[in-house]
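Contents: one structure, followed by commentary.
There are 2 protein chains.
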Amino acid sequence: MIDEHSRDMPAADFRRYGQQLIAWIAEYLNDPRQYPVLARCQPGDLRRQLPATGPQRGESMATILQDFEQVILPAVTHWNHPHFHAYFSISSSAPGILGELLTAALDANAMLWKSCPAATELEQTTVAWVLDWLGLPSAWFGMILDSASNAVLQAIVAARQRAEPQSRASGPSGRLVAYVSEHTHSSVEKAAIAAGIGQSNVRHIAVDAAFRMRPEALEQAIQCDLANGLTPFFAAATVGTTSSTAVDPIEEIAAICGANGLWLHVDGAYGASFGVVPECRHFLNGVGHADSFVVNPHKMMMVPLDCSLFYTRHPQLLRSAFSLEAEYLKTDAPGAVDYMDYGLALGRRFRALKLWFVMRCFGRDGLAAILRESLRMAAWLGERIGADERFELVAPVIMGLVCFRLRQGDAETKELMRRINGSGRHFVSHTVLDGRFTIRVAIGNIRTEQRDVEELWDNIAKS
Amino acid sequence: MIDEHSRDMPAADFRRYGQQLIAWIAEYLNDPRQYPVLARCQPGDLRRQLPATGPQRGESMATILQDFEQVILPAVTHWNHPHFHAYFSISSSAPGILGELLTAALDANAMLWKSCPAATELEQTTVAWVLDWLGLPSAWFGMILDSASNAVLQAIVAARQRAEPQSRASGPSGRLVAYVSEHTHSSVEKAAIAAGIGQSNVRHIAVDAAFRMRPEALEQAIQCDLANGLTPFFAAATVGTTSSTAVDPIEEIAAICGANGLWLHVDGAYGASFGVVPECRHFLNGVGHADSFVVNPHKMMMVPLDCSLFYTRHPQLLRSAFSLEAEYLKTDAPGAVDYMDYGLALGRRFRALKLWFVMRCFGRDGLAAILRESLRMAAWLGERIGADERFELVAPVIMGLVCFRLRQGDAETKELMRRINGSGRHFVSHTVLDGRFTIRVAIGNIRTEQRDVEELWDNIAKS
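Residue numbers (my numbering), protein chains in the order written: chain A, 33 to 495; chain B, 33 to 495.
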């Protein structure tokens, strides 16, 4: 099974199994509806079917692929299924998959410009393209990370560096205070904990009836902390919160941050991609004032996991927070950007390739059309639910998410969710809004069609 | 170009371009020697050839792939080239590439057990397999991360949590001290900065003549800090340092850490994989006493980037450092591990699939044979260089790295490196050892054969 010279799988085998997989994936993507969207297994079911130790001798790829289909696949929850409406409904599109295939084959580490100039320069190019499509400041420095969680950690460390330049040497003072809303993603608080800000120094600002951060409450909290001798240094605002896709009033928040010297991070991981659609560009009003910003093409831009774009207007702060010159990483490429100097991870995949494939294959108009169709279907479902007196829409439907509950109460809404997911036909998730259990229906998969949403509505309405 | 229903590339096109790429990759892997190993371009060369903005309308995949070959490829430094001897010489093997292809197609997020049971349980299975192959404690909790940099950040935050449980709420005290050697990877110091420990609280312990941390110097530094009222809390030891593949005396370091209550993190990112080779198992002596440990299958286990395995004997500390219960992420799967609770990143790729493919395809014996051949070739080159009076071997050749210099001096050694890399035939990198410029030749690519190393020796010896 192993080639004598390369010691790898022989080229003929790679060709054979590679083509088999391409054919399998083409079939899979063509009709994911043949699978139950939600894996029907219990914790431990799969693990019990797998040997406790790896094989002593190599096995044939034919056997491995057979096990993939027979043993692994039944335990897969199908994120690419048109009926996946949980969390956020995302997609890996065909061009994105092909990009990942090439990235794996090249296996380049984009840590330094020299370690793969193409990876660094295609990264610079594609992050600029996305800025342009979103109408954001072209001067921003951008880079591709694995997740919005790591992006906000980098933002917090850079903001800490600005507020307390001595913190790199001696750690933060314990007097720095960060501000999020009650609906900001938990990753911001997690990053503040990791960066040594302390969870008790993270303020959760109240929201209005549409779950948007209340600017006057932010201003009040900052003044209160200042009066107590603390140092407000960082605030996170969101374009499209996880619970309800609320858009915080960025303009007002930016003005408050500017007046008080806070670093404003805008989390557009999910929602900012809709800025590609001209009639949705207003979601990003004020974002141009941000100190840092994140958008995840692996959410609404049809790029496979992982692809999280992190931008900042202060690359030198990022560099002064993170750069360490190890001798074995010094190169002689004047004028080049070595991305490893701007973040935590040294090893960096060549993620720009799949983003480039997707942006070119769909184009700006094509991507806008895909997003517009998701918005239309979410609005359609929202109208049906809103017009049925048994249900209550809990938040305005502004992006690809419908939040609703049964007027009867929490127990009945939970039971409805159990029934929807138990059918095996659809997968929805939940949140709590205004203290009450709420079903979230995310619509955004590239393969979700009107007939799928109608089928979901039938499933919901049967209750 | 877009399918009316799926809005994605039509299945027939995916099949066509997918098969074209598989054929291209098979050819590429079969003979990477047809390309210059090091991209021959200057900073900005590629960027200038690419449009400043993304296309308004979608383009055909045929055009995109043509541009990949004609525009992108010349700027690629070929990590899969048998003559890539810089940094660490790594490989993405054929089964690993096929695994990444499937991971991209499924696009599952392994954040929660429920979000893809197969991803979580295959991750649990494969991390246990690796422990077994390395002869390490089977009870350790393991997970797959993107990089050793993020792994050590998690270790430092968990250690901080143990030393100062109040640090989650209020940040670290500023009195915590971490210990590394002069040759520990820079990512540890970077993580200590990010976690708010402070760079001035990172001690660089002196090394012996073979670049191994001196345990008595560690003990002395700890006692000195204790006498000054500080809190030693964390030490990092390395199995295979980046500069010279030195193996720190883990047994002694573990004893000192144990006696003084320090968290011992062992960085085996590069070197620990050699533990699969029975006669190299001694590299891991003492590692069983570690509190946390990292090994990167994307380095010496032929798995494509990224695949970094992080282990700890204290999963509850990790959880208490990182867990945050957002309502929208709560599930009803009792007994299941939700990996997002054990680290910083919420979004997590299904990385276990490629690791499973590689471990099964090669088997333990097959992987050991690949590693053994790299060790043999590195030893062969080391002998040649050591026997030539013009050269000086600067460190013992114990893994897949040969460190040497010209006796004449730094300027001549730098000139030699420039000549080797300038030839376009080989790519080596450098470090500084004992204050002197040193060429590093890493041997470990799956496709590197004896003839390649002989050719490299010819290139070196011509000087």
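For every residue, glycine included, the Cβ atom is placed at its ideal position computed from N, Cα and C.
So, with DSSP's three-state summary, where would you put residue i?
i, result
"B:Asn341", "Inspection of the sequence shows that residue 341 of chain B is occupied by Leu rather than by Asn. Strand, per DSSP."
"A:Thr95", "helix"
"A:Phe382", "coil"
"B:Cys256", "helix"
"B:Leu296", "strand"
"B:Tyr360", "helix"
"B:Glu214", "coil"
"B:Ser125", "coil"
"A:Asp393", "Checking the displayed sequence, the identity of residue 393 of chain A turns out to be Cys instead of Asp. Correct three-state label for A:Cys393: helix."
"B:Met334", "coil"
"B:Leu376", "coil"
"A:Arg65", "helix"
"A:Glu424", "strand"
"A:Ala71", "coil"
"A:Met245", "strand"
"B:Ala227", "coil"
"B:Ile34", "coil"
"A:Leu208", "strand"
"B:Ser305", "helix"
"A:Ala250", "Checking the displayed sequence, the identity of residue 250 of chain A turns out to be Leu instead of Ala. Helix, per DSSP."
"B:Ile285", "helix"
"A:Phe354", "helix"
Hey, out of the options, whose CA is closest to residue i's CA?
i, options, result
"B:Ala84", "A:Arg380, A:Gly320, A:Arg439 and A:Val159", "A:Val159"
"B:Val429", "B:Phe243, B:Ala353 and B:Ser355", "B:Phe243"
"B:Tyr49", "B:Leu97, B:Pro87, B:Val69 and B:Arg65", "B:Leu97"
"A:Phe120", "A:Arg47, A:Asp420, A:Ser181 and A:Gly303", "A:Gly303"
"B:Leu166", "B:Asp397, B:Glu357, B:Pro366 and B:Ser202", "B:Asp397"
"B:Ala365", "B:Met93, B:Leu70 and B:Ser147", "B:Ser147"
"A:Pro127", "A:Ala493, A:Ser455 and A:Met333", "A:Met333"
"B:Ser123", "A:Asp40, A:Thr274, A:Arg345 and A:Ile492", "A:Asp40"
"A:Pro149", "B:Leu134, B:Leu138, B:Asp164 and B:Thr109", "B:Thr109"
"A:Thr344", "A:Ala187, A:Gln255 and A:Glu36", "A:Ala187"
"B:Gly478", "B:Phe116, B:Met93, B:Trp489 and B:Leu105", "Sequence inspection shows Ile at residue 478 of chain B; the Gly mentioned does not correspond to that position. Measuring from the Cα of B:Ile478, the nearest candidate turns out to be B:Phe116."
"A:Val234", "A:Pro264, A:Glu283, A:Tyr211 and A:Arg416", "A:Tyr211"
"B:Leu130", "A:Ala136, A:Gly131 and A:Ile237", "A:Ala136"
"B:Glu447", "B:Arg457, B:Gly379 and B:Phe469", "B:Phe469"
List, in order along the chain, the chain B residues whose C-beta lies closer than 7 angstroms to that of residue i?
i, result
"A:Pro336", "Ala136 and Asp139"
"A:Gln231", "Arg200 and Ala201"
"A:Thr216", "Chain B residues near A:Thr216: none, gap ~10 angstroms exceeds 7 angstroms."
"A:Thr277", "Residues of chain B passing the Cβ test: none, with the nearest at roughly 12 angstroms."
"A:Ile225", "Arg200"
Along chain B, which residues have their Cβ under 8 angstroms away from the Cβ of residue i?
i, result
"A:Ser324", "Correct list: empty, because the minimum Cβ distance to chain B is about 15 angstroms."
"A:Met391", "Gly86 and Pro87"
"A:Asn182", "Asn182, Leu376 and Ala377"
"A:Phe306", "What A:Phe306 touches in chain B: nothing, since even the nearest Cβ is about 16 angstroms away."
"A:Cys73", "Pro149"
If the cut is a Cβ gap below 7 angstroms, which residues of chain A does residue i touch?
i, result
"B:Gly206", "Ser202 and Gly203"
"B:Trp161", "Thr85 and Gly86"
"B:Glu153", "Leu78, Arg79 and Ala107"
"B:Val464", "Glu359"
In chain A, which residues lie with their C-beta within 9 angstroms of the C-beta of residue i?
i, result
"B:Cys435", "Residues of chain A passing the Cβ test: none, with the nearest at roughly 10 angstroms."
"B:Ala55", "Arg47, Gly50 and Gln51"
"B:Ser352", "By Cβ distance, chain A contributes nothing, its closest Cβ being about 11 angstroms from B:Ser352, past 9 angstroms."
For a contact meaning CB atoms closer than 8 angstroms, what does residue i contact in chain A?
i, result
"B:His117", "Correct list: empty, because the minimum Cβ distance to chain A is about 13 angstroms."
"B:Tyr60", "Ala137"
- Ordered list of beta strand (DSSP E) runs contained in the segment 128–204 of chain B, each at least 3 residues: 173–177
- Query: Any contact of the segment 360–377 of chain A with the segment 128–147 of chain A, i.e. 3+ C-beta pairs under 8 angstroms?
  - Reply: yes
- Would you say the segment 149–157 of chain B touches the segment 72–79 of chain A, given that touching needs at least three Cβ pairs under 8 angstroms? yes
- Stretch-stretch touch, CB-based, cutoff 8 angstroms, three pairs: the segment 414–430 of chain A with the segment 323–342 of chain A: no
- Whole runs of the alpha helix (DSSP H) within the segment 440–489 of chain A, excluding any shorter than 4 residues: 442–454
- Please determine if the segment 449–469 of chain B and the segment 312–322 of chain B are in contact, where contact requires at least 3 C-beta pairs separated by less than 8 angstroms. no
- Any 3 or more C-beta pairs closer than 8 angstroms across the segment 433–453 of chain B and the segment 372–391 of chain B: no
- Inter-stretch contact (C-beta, 8 angstroms, three-pair minimum) for the segment 397–408 of chain A and the segment 202–217 of chain A: no
- On the three-pair Cβ rule with 8 angstroms, is the segment 289–302 of chain B touching the segment 257–272 of chain B? yes
- Evaluate the contact criterion for the segment 105–121 of chain A versus the segment 462–482 of chain A: three or more CB pairs, one atom per stretch, below 8 angstroms. yes
- Query: Can we say the segment 189–204 of chain A touches the segment 307–314 of chain A, given the rule of at least three CB pairs closer than 8 angstroms?
  - Reply: no
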